[in-house]
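Q:
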Amino acid sequence: MPLRILDNATMVQQEREEDKRSLEEKQNEPLFLGITAHLKECWDAAKQAKKPIERIMLKGMRQRNGEYEPDKLSAIHSQGGSTIFMGITEVKCRAAESWLRDILLDTGTPPWDLGPTPLPDLSPTQADEIEQAFAASVLSIVETAGQAPTEAEMAGLKEMVTQDYRFKILQDAQNRADRMKVKISDQFAHGGWAEAFDDFITDLATFPCAFIKGPVVRRQRRLEWTTGENGETIAKAGEELAPEYERVDPFKIYPEPGITNINDGYIFEHHPLTRMELSELIGVPNYDEEAIRKILQDESVTSWVNEEVQFEKEEAERKTQSHNRPTEIFDALEFHGKISGKMLREWGLEEEEIPDEAREYEACIWIIGNYIVKAVLNYDPLGEKPFAKTSLIKSPGAFWGKGIPEVIEDVQNICNAAARALVNNMGISSGPQVEVNLERIPPNEDITQMHPWKIWQVTNDPLGASAPAVRFTQPEDNATTLMQVYEKFSALADDHSGIPSYISGDLNVHGAGRTASGLSMLMGSAGKGIRQVVMHIDSDIIKKIVHRQFVYNMRYDSDESIKGDVEIIARGAINLAVKETVNVRRIEFLQATANEYDMEIVGKEGRAAILREVAKGLQMPVDDIIPSREKSGFSERMNAQQAMAAPQQAPQGGTPTQPDGTPKGGREGNTVSNRVTGGAG
Numbered sequence: 002m003p004l005r006i007l008d009n010a011t012m013v014q015q016e017r018e019e020d021k022r023s024l025e026e027k028q029n030e031p032l033f034l035g036i037t038a039h040l041k042e043c044w045d046a047a048k049q050a051k052k053p054i055e056r057i058m059l060k061g062m063r064q065r066n067g068e069y070e071p072d073k074l075s076a077i078h079s080q081g082g083s084t085i086f087m088g089i090t091e092v093k094c095r096a097a098e099s100w101l102r103d104i105l106l107d108t109g110t111p112p113w114d115l116g117p118t119p120l121p122d123l124s125p126t127q128a129d130e131i132e133q134a135f136a137a138s139v140l141s142i143v144e145t146a147g148q149a150p151t152e153a154e155m156a157g158l159k160e161m162v163t164q165d166y167r168f169k170i171l172q173d174a175q176n177r178a179d180r181m182k183v184k185i186s187d188q189f190a191h192g193g194w195a196e197a198f199d200d201f202i203t204d205l206a207t208f209p210c211a212f213i214k215g216p217v218v219r220r221q222r223r224l225e226w227t228t229g230e231n232g233e234t235i236a237k238a239g240e241e242l243a244p245e246y247e248r249v250d251p252f253k254i255y256p257e258p259g260i261t262n263i264n265d266g267y268i269f270e271h272h273p274l275t276r277m278e279l280s281e282l283i284g285v286p287n288y289d290e291e292a293i294r295k296i297l298q299d300e301s302v303t304s305w306v307n308e309e310v311q312f313e314k315e316e317a318e319r320k321t322q323s324h325n326r327p328t329e330i331f332d333a334l335e336f337h338g339k340i341s342g343k344m345l346r347e348w349g350l351e352e353e354e355i356p357d358e359a360r361e362y363e364a365c366i367w368i369i370g371n372y373i374v375k376a377v378l379n380y381d382p383l384g385e386k387p388f389a390k391t392s393l394i395k396s397p398g399a400f401w402g403k404g405i406p407e408v409i410e411d412v413q414n415i416c417n418a419a420a421r422a423l424v425n426n427m428g429i430s431s432g433p434q435v436e437v438n439l440e441r442i443p444p445n446e447d448i449t450q451m452h453p454w455k456i457w458q459v460t461n462d463p464l465g466a467s468a469p470a471v472r473f474t475q476p477e478d479n480a481t482t483l484m485q486v487y488e489k490f491s492a493l494a495d496d497h498s499g500i501p502s503y504i505s506g507d508l509n510v511h512g513a514g515r516t517a518s519g520l521s522m523l524m525g526s527a528g529k530g531i532r533q534v535v536m537h538i539d540s541d542i543i544k545k546i547v548h549r550q551f552v553y554n555m556r557y558d559s560d561e562s563i564k565g566d567v568e569i570i571a572r573g574a575i576n577l578a579v580k581e582t583v584n585v586r587r588i589e590f591l592q593a594t595a596n597e598y599d600m601e602i603v604g605k606e607g608r609a610a611i612l613r614e615v616a617k618g619l620q621m622p623v624d625d626i627i628p629s630r631e632k633s634g635f636s637e638r639m640n641a642q643q644a645m646a647a648p649q650q651a652p653q654g655g656t657p658t659q660p661d662g663t664p665k666g667g668r669e670g671n672t673v674s675n676r677v678t679g680g681a682g
């Protein structure tokens, strides 16, 4: 048989065919086939269940944009009326967003804090140290008194040693919590938390639910500054894996039908990936590189979502002509949910990975077309998904709540109807309606033009009637009645939404709002409604995200000095309650405790802590004004060392002084003086 020499093109083609066969064999394994079929079944159910919510969200976006629904707009055009749309929804949504941002973001401090738990847990090492300190105290008593203490004395001594040691542990726990807070704040700054939270507030006011995802570990590109050989500064691009946070578009979330919370069932996130975004997944751990390359080479992936809804959404977002985008888009689905151990066993996983087939296992799976590009078990210690959600108005037992557009939809429709009728009536009643007898108008007369002092040429009435050829009728003006209707229902929008008009700067406030104290009382009452929303954000978003970041740092951060037993404090509702008066009350407290009796109780550290909070509220440079605990302790140690190193001797050639700086007197002073002067009198 002759030797066959293959050229490079043939060899490359054979390698591609071999890779394709290998990938198809892998994707056709029972595990992947079972996962694909299960995901498609779950996706169809979630997609079908979300259709009514998608219509509500699209309607809310159109309300904010001041656009009618297509069917209503067609009916208005058929009647030839005005298409004016009163932007009440947009005003209320913007007012709610600014109010929430003012409470949560514009206070000078983050809307969360970390502190030690009231009784920090003792580690085995710390328990041993307590026992050693207790044994040393007992030995000291025995050596001093010559006899062992009684049982009651032993119990009291043990309690005293434990309390003293716990106080030291509490101090250490506070320092660890402070360092953890600084660490998380830095991660939030680099991970996009501020941008995600700002977009989340906009979603919260508009849609039935708003979502934040994180922390998600991704590859981040950063500039690294180094010094060259000649001392010049060189910028170098570097990469590192770090946690990130992002706002998730509510249109891209598909929960399991019938669930209330995210962790109750499975959830899908839709990812439209560009070619560049998909290619960046190559080489990332847990992603199937062969499947991704196959998709990039010669696969045309069909869309998972409803293209009609997607088109309407893009039109509402002012993304016109986005369907003509030349960039290729690959639709990916990210699945988070439970899969039974029995199903995983049947799909081919080993017993070591699935020890109990009766249990449910959390999994994270990415699917593009018919290819699974990622399939891993969720090893979160609490089994939670990386999503957090809440609603402006919650519906008990339901996953989706309500946003402002849905709440004031009826009021918006009535105000629009009143405004359209008002505009139509203004146009009709702005001038007379003209009735012309065509039998008496010459053929060359233009009846469409009217002007003052116009002369009408008319003929005799064929019937001999004396009625004029042109009659003028003035339509009735109903503007006053229609304005009253509009104002009444526009005022109802304040009550239905919980966002008073004076929040957005409306100065036409009647009744008690005409005085400063009355307006303050009204704003306090209105704050009760927004406080409920802030509490939702505190419990459902801030606490959960900060806790997940805390758990991430406890598991993976190498700095042991930040790790400890902490509790998370959400300050959103606190900021709302005390924002106006907190600094005034703190200053009053400082003045009330500025006496020797209270200072013995509060101490320097306590007063410094209050001063720090006052400076924060006034947005002053806290670290430059009040030194931190570490800086204060360092200064005290340095002063003590300098005092110990100073020579304890009298100055040469002068009168000896007392410790307070006054001259010494008496015989000692005279003796030294005589020595200096040689004894001369």
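Going from the sequence shown to the working numbering is simple: count from 1 and add 1. Quick reminder that beta carbons are idealized off the backbone N, C-alpha and C, glycines included. Computed from a predicted model, the values in this text were never measured in an experiment.
Using alpha carbons as the reference points, say which of PHE198, PHE269, GLN172 lies closest to ASP1.
A: No answer is possible for residue 1: it lies beyond the span of the chain, which begins at 2 and ends at 682.
Q: Alpha helix (DSSP H) containing TRP194: first to last residue?
A: Residue mapping note: residue 194 aligns to position 193 of the sequence shown, counting from 1. Per DSSP, TRP194 belongs to the alpha helix (DSSP H) from 194-207.
Q: Is ILE563 closer than 9 Å to ARG180 when the C-beta atoms are compared?
A: In the sequence shown, the residue the question calls residue 180 occupies position 179. In the sequence shown, the residue the question calls residue 563 occupies position 562. Yes, Cβ-Cβ distance for ARG180 and ILE563 is below 9 Å.
Q: Going by beta-carbon coordinates alone, are PRO406 and LYS60 separated by less than 9 Å?
A: Taking the first residue of the sequence shown as 1, we reach residue 406 at position 405. Taking the first residue of the sequence shown as 1, we reach residue 60 at position 59. Their beta carbons are under 9 Å apart, which means PRO406 touches LYS60 by this criterion.
Q: Where do the ends of the beta strand (DSSP E) carrying GLY239 lie?
A: Position 238 of the sequence shown, counted from the start, is the residue given in the question as residue 239. Note, GLY239: beta strand (DSSP E), 234-249.
Q: Measuring CB to CB, does LEU423 end up less than 9 Å from LEU493?
A: Numbered from its first residue, the sequence shown carries residue 423 at position 422. Numbered from its first residue, the sequence shown carries residue 493 at position 492. In this structure, LEU493 does not lie closer than 9 Å to LEU423 by Cβ.
Q: If we ignore side chains and look at the alpha-carbon of each, how far apart do ASP558 and GLY370 end up?
A: In the sequence shown, residue 558 corresponds to position 557, counting from 1. In the sequence shown, residue 370 corresponds to position 369, counting from 1. Between ASP558 and GLY370, the C-alpha separation is close to 37 Å.
Q: Could you check what DSSP says for MET450 in three-state terms: helix, strand or coil?
A: Within the sequence shown, numbered from 1, the residue matching residue 450 stands at position 449. With the sequence shown as reference, residue 450 is identified as Gln, and Met is not the correct amino acid for it. Reduced to three states, the DSSP call for GLN450 is coil.
Q: Excluding five sequence neighbours on each side, which residues of the same chain lie with their C-beta closer than 6 Å to the C-beta of ALA211?
A: Your numbering for residue 211 matches position 210 in the sequence shown. For ALA211, where only same-chain residues beyond five positions count, the Cβ hits under 6 Å are PHE201, ASP204, LEU205.
Q: Roughly how many angstroms separate the alpha carbons of ASN596 and ILE531, rounded to a whole number?
A: Reading the sequence shown from its first residue, position 595 is the one you call residue 596. Reading the sequence shown from its first residue, position 530 is the one you call residue 531. Spanning the two alpha carbons is a distance of roughly 40 Å.
Q: Considering just the uninterrupted stretch of the alpha helix (DSSP H) at LYS52, what are its terminal residues?
A: As a first step, residue 52 must be located in the sequence shown, where it is residue number 51. Here the alpha helix (DSSP H) through LYS52 covers 52-66.
Q: Measuring only the C-alpha atoms, how far is PRO356 from GLU363?
A: Mapped onto the sequence shown, residue 356 falls at position 355. Mapped onto the sequence shown, residue 363 falls at position 362. Each residue's alpha carbon lies about 14 Å from the other.
Q: Quick one: Cα of GLY573 to Cα of PHE269, how far?
A: On the sequence shown, position 572 is the one that residue 573 refers to. On the sequence shown, position 268 is the one that residue 269 refers to. Roughly 30 Å between the two C-alpha positions.
Q: Straight-line CA distance for ASP462 to ILE442?
A: Here residue 462 refers to the residue found at position 461 when the sequence shown is read from its first residue. Here residue 442 refers to the residue found at position 441 when the sequence shown is read from its first residue. So the alpha carbons of these two residues sit roughly 10 Å apart.
Q: Does the separation of the CB atoms of ILE627 and ALA609 fall below 9 Å?
A: By 1-based counting over the sequence shown, the position of residue 627 is 626. By 1-based counting over the sequence shown, the position of residue 609 is 608. For ILE627 and ALA609, yes; Cβs fall inside 9 Å.
Q: Count the other CB atoms, across all protein chains shown, that sit within 10 Å of the CB of TYR246; report buried if there are 16 or more and exposed otherwise.
A: The sequence position of residue 246 within the sequence shown is 245, counting from 1. That one is buried.
Q: What's the gap between the Cα of GLN485 and the Cα of ARG421?
A: Along the sequence shown, read from residue 1 onward, the residue named residue 485 stands at position 484. Along the sequence shown, read from residue 1 onward, the residue named residue 421 stands at position 420. Rounded to the nearest angstrom, the two C-alpha atoms are 14 Å apart.
Q: Check the C-beta distance from PRO117 over to VAL567 and give it rounded, since I have them as a contact under 8 Å.
A: Counted from its first residue, the sequence shown places residue 117 at position 116. Counted from its first residue, the sequence shown places residue 567 at position 566. The Cβ separation is near 6 Å, so the contact holds.
Q: May I ask you to verify whether the stretch 249-263 touches the stretch 389-404, counting CB pairs closer than 8 Å and requiring at least 3?
A: Result yes; three or more Cβ-Cβ pairs closer than 8 Å.
Q: My guess is that PRO209 and ILE54 are in contact by the Cβ rule of under 8 Å, so how many angstroms apart are they, rounded?
A: The residue you call residue 209 lines up with position 208 of the sequence shown. The residue you call residue 54 lines up with position 53 of the sequence shown. Right, their Cβ atoms sit about 6 Å apart.
Q: Let me know if ILE683 comes out buried or exposed under the rule of 16 or more other beta-carbons within 10 Å of its beta-carbon.
A: Shown here, the chain extends from 2 to 682; a query on residue 683 therefore has no answer.
Q: Distance, Cα to Cα, ALA513 vs ASP103?
A: Taking the sequence shown and counting its residues from 1, one reaches residue 513 at position 512. Taking the sequence shown and counting its residues from 1, one reaches residue 103 at position 102. Because the pLDDT at ALA513 is just 47, under 50, the model does not fix this residue reliably, and the value given afterwards should be weighed accordingly. The alpha-carbon atoms of ALA513 and ASP103 are separated by roughly 24 Å.
Q: Can you tell which of THR207, GLU91, TYR380 has the C-alpha that lies nearest to the C-alpha of SER392?
A: Sequence index remark: in the sequence shown, residue 392 carries index 391 (1-based). Of the candidates THR207, GLU91, TYR380, the one whose C-alpha sits nearest the C-alpha of SER392 is THR207.
Q: Beta-carbon separation of THR228 and LYS237 under 9 Å?
A: Working through the sequence shown from its first residue, we reach residue 228 at position 227. Working through the sequence shown from its first residue, we reach residue 237 at position 236. Not in contact: THR228 and LYS237 (Cβ atoms no closer than 9 Å).
Q: Which of helix, strand or coil does DSSP assign to THR482?
A: By 1-based counting over the sequence shown, the position of residue 482 is 481. Residue state, collapsed to three classes: helix.
Q: Can you tell me where the alpha helix (DSSP H) with ILE260 in it begins and where it stops?
A: Residue 260 sits at position 259 when you count from the first residue of the sequence shown. Neither: ILE260 is in no alpha helix (DSSP H) and is coded neither H nor E.
Q: Inspect the CB distances between the stretch 61-70 and the stretch 85-93 and report whether three or more fall short of 8 Å.
A: The stretch 61-70 vs the stretch 85-93: in contact.
Q: In the DSSP assignment, find the alpha helix (DSSP H) that holds CYS416 and state where it starts and stops.
A: Along the sequence shown, read from residue 1 onward, the residue named residue 416 stands at position 415. Run containing CYS416: 410-430, per the alpha helix (DSSP H) assignment.
Q: DSSP three-state call for ASP179: helix, strand or coil?
A: Within the sequence shown, residue 179 is the residue found at index 178, counting from 1. Helix.
Q: Assign LEU115 to buried or exposed, taking buried as 16 or more other Cβ atoms, counted over all protein chains shown, within 10 Å of its Cβ.
A: Counted from its first residue, the sequence shown places residue 115 at position 114. Counting Cβ neighbours within 10 Å, LEU115 comes out buried, since at least 16 surround it.
Q: Does the Cβ of LYS41 lie closer than 8 Å to at least one heavy atom of the ligand ADP?
A: The model depicted lacks the ligand ADP and carries no ligand whatsoever.
Q: Report the rounded CA-to-CA distance for ASP173 versus PHE490, giving the unit in angstroms.
A: Taking the first residue of the sequence shown as 1, we reach residue 173 at position 172. Taking the first residue of the sequence shown as 1, we reach residue 490 at position 489. Those two C-alpha atoms are separated by around 59 Å.
Q: Can you list, in chain order, the residues of its chain whose CB lies under 8 Å from that of LYS339, leaving out five sequence neighbours each side?
A: By one-based count along the sequence shown, residue 339 stands at place 338. Here the set comprises GLY266, TYR267, GLU361, TYR362, GLU363, ALA364.
Q: Give me whichever residues DSSP pairs with TRP113 in a beta bridge.
A: Indexing the sequence shown from 1 puts residue 113 at position 112. According to DSSP, TRP113 bridges with ALA571.
Q: First and last residue of the beta strand (DSSP E) that includes ASP332?
A: Within the sequence shown, the letter at position 331 stands for residue 332. That run of the beta strand (DSSP E) goes 330-341.
Q: Take ASN307 as the anchor and find which of ALA593, ILE611, TRP44, LYS605 has the nearest alpha-carbon.
A: Walking along the sequence shown from the start, residue 307 turns up at place 306. Answer by Cα proximity: TRP44.
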